[in-house]
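Peer 1:
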Amino acid sequence: MDVSLVFAVAVFAFITSVTPGPNNVMLLASGAQYGFIRTLPHILGIVTGVAMLLLCTLLGLGALFTLYPVLYSILNVIGCAYLLWLAYKIATSPVVELNEADHSSRGPLRWWEAALFQFVNPKAWMMALGSVSTFSMQGELYAQSGVMIMLAFALLGFPAISIWAGAGAKIRIWLDTPSRRRIFNLVMGGLTAATLILILGN
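Going by the working numbering, the sequence shown opens with residue 430, and the numbers climb by one from there.
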């Protein structure tokens with residue numbers, strides 16, 4: 430397989446994974462509230478969910494959006510509504526002491542919750558549809574190129590999104606008063622909602 434194609438896929442996977450979006454804003458918030466280690470299942474869930482989404486797209490699910498564009502519009506409405514609900518939950522989440530958050534039974538997203546979220550995440554769909562339509566090869570190389578795309582997002586997506594969780598863990602030191610934690614929750618909720626502007630603008 431052409432080295433330039435592999436490089437292009439790698440760059441696309443890293444850039445689309447590391448740029449702001451619902452996943453990364455939630456990882457930033459989770460890292461700040463629960464620390465990096467407790468956020469790892471959330472990170473792994475995103476990687477797993479994106480891989481599942483790519484596989485479904487490679488198997489032909491993406492073609493349904495071409496045949497029936499209304500399905501993509503419905504998905505966007507559902508995804509945007511869910512993101513707004515998440516933004517509200519983040520903004521209004523209870524302000525607790527950090528040591529209480531460490532032992533909270535609610536905790537960060539579980540890996541399977543983060544994985545399933547990708548199926549209503551408009552940015553994840555844009556990444557999957559864009560990468561498969563642009564980089565998959567026809568004929569005998571279709572399966573091989575599909576595996577390459579999935580590997581690129583898994584191997585480069587993991588460190589890319591981990592940066593956000595790590596940044597959140599660093600911010601955690603600053604959140605030493607209830608007022609700061611309340612402001613942080615409001616800002617994170619607002620940023621989660623603001624990602625819709627980036628998504629709908631594309």
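Ideal Cβ positions, reconstructed from N, Cα and C, are used throughout, including at glycine.
#1: Can you give me the C-alpha to C-alpha distance between A594 and W540, rounded to a whole angstrom?
#2: Comparing the CB of S522 with every heavy atom of the ligand GDP, is any distance shorter than 7 Å?
#3: What three-state label does DSSP hand V440 in the structure shown?
#4: For the pair the segment 513–524 and the segment 583–602, tell me if three or more CB-CB distances fall below 8 Å.
#5: So, with DSSP's three-state summary, where would you put R539?
#6: Does the beta-carbon of R393 have 16 or more other beta-carbons within 10 angstroms, so that it is buried, or is it exposed?
#7: One question on the structure: do G618 and L456 come within less than 8 Å of each other, judged by their Cβ atoms?
#8: Can you tell which of D431, A458, V438 has its C-alpha closest to the C-alpha of T621?
#9: State buried or exposed for P470, treating a residue as buried only when at least 16 other CB atoms are found within 10 Å of its CB.
#10: Taking DSSP as the reference, what is the three-state secondary structure of Q462?
#11: Assuming S565 is part of the alpha helix (DSSP H), what are its boundary residues?
#12: So, for A581: in the same chain, excluding its five sequence neighbours on each side, which residues have a beta-carbon less than 7 Å away from its beta-carbon?
#13: Going by other Cβ atoms of all chains shown within 10 Å of its Cβ, with 16 needed for buried, is Y497 buried or exposed?
#14: So what does DSSP say about G450, is it helix, strand or coil?
#15: Does the Cβ of Y463 have 16 or more other Cβ atoms within 10 Å, making it buried, or fewer, making it exposed?
#16: Going by DSSP in three states, V524 sits in which element: helix, strand or coil?
#17: Say whether the segment 480–499 touches the segment 536–550, bearing in mind that this needs 3 or more beta-carbon pairs closer than 8 Å, one atom from each stretch.
#18: In chain order, what residues of the same chain have a beta carbon less than 7 Å from the beta carbon of I600, not counting five sequence neighbours either side?
Peer 2: This is what the structure gives:
#1: For the purposes of this step, residue 594 is taken as the residue at position 165 of the sequence shown. For the purposes of this step, residue 540 is taken as the residue at position 111 of the sequence shown. Taking the straight line from one Cα to the other gives about 14 Å.
#2: Inclusion of the ligand GDP in the displayed structure is not the case, the ligand content being empty and no account of it being possible.
#3: Locating residue 440 in the sequence shown gives position 11, counting from the first residue. Helix at V440.
#4: no
#5: Taking the sequence shown and counting its residues from 1, the one referred to as residue 539 is at position 110. The answer is coil: DSSP assigns R539 none of H, G, I, E or B.
#6: Past the boundaries of the shown model lies residue 393; the chain is included only from 430 to 631, so the question cannot be answered.
#7: Locating residue 618 in the sequence shown gives position 189, counting from the first residue. Locating residue 456 in the sequence shown gives position 27, counting from the first residue. Cβ atoms of G618 and L456: not closer than 8 Å.
#8: Stepping through the sequence shown from its first residue, residue 621 is reached at position 192. When only C-alpha atoms are compared, the closest one is A458.
#9: Within the sequence shown, residue 470 is the residue found at index 41, counting from 1. Under this definition P470 is a buried residue.
#10: Walking along the sequence shown from the start, residue 462 turns up at place 33. Helix at Q462.
#11: Here residue 565 is taken as the residue at index 136 of the sequence shown, counted from 1. That residue, S565, is in no alpha helix (DSSP H); it is neither H nor E in DSSP.
#12: Here the question's residue 581 lines up with position 152 in the sequence shown. Once the five neighbours on either side are set aside, the close Cβ partners of A581 are V438, A439, A442.
#13: The residue you call residue 497 lines up with position 68 of the sequence shown. By the 10 Å Cβ count, Y497 comes out exposed.
#14: The count along the sequence shown starts at 1 and reaches residue 450 at position 21. G450 falls in the coil class under three-state DSSP.
#15: Locating residue 463 in the sequence shown gives position 34, counting from the first residue. Under this definition Y463 is a buried residue.
#16: Along the sequence shown, read from residue 1 onward, the residue named residue 524 stands at position 95. In this structure, V524 counts as coil in the three-state DSSP scheme.
#17: yes
#18: Residue mapping note: residue 600 aligns to position 171 of the sequence shown, counting from 1. Same-chain partners within the cutoff: A461.
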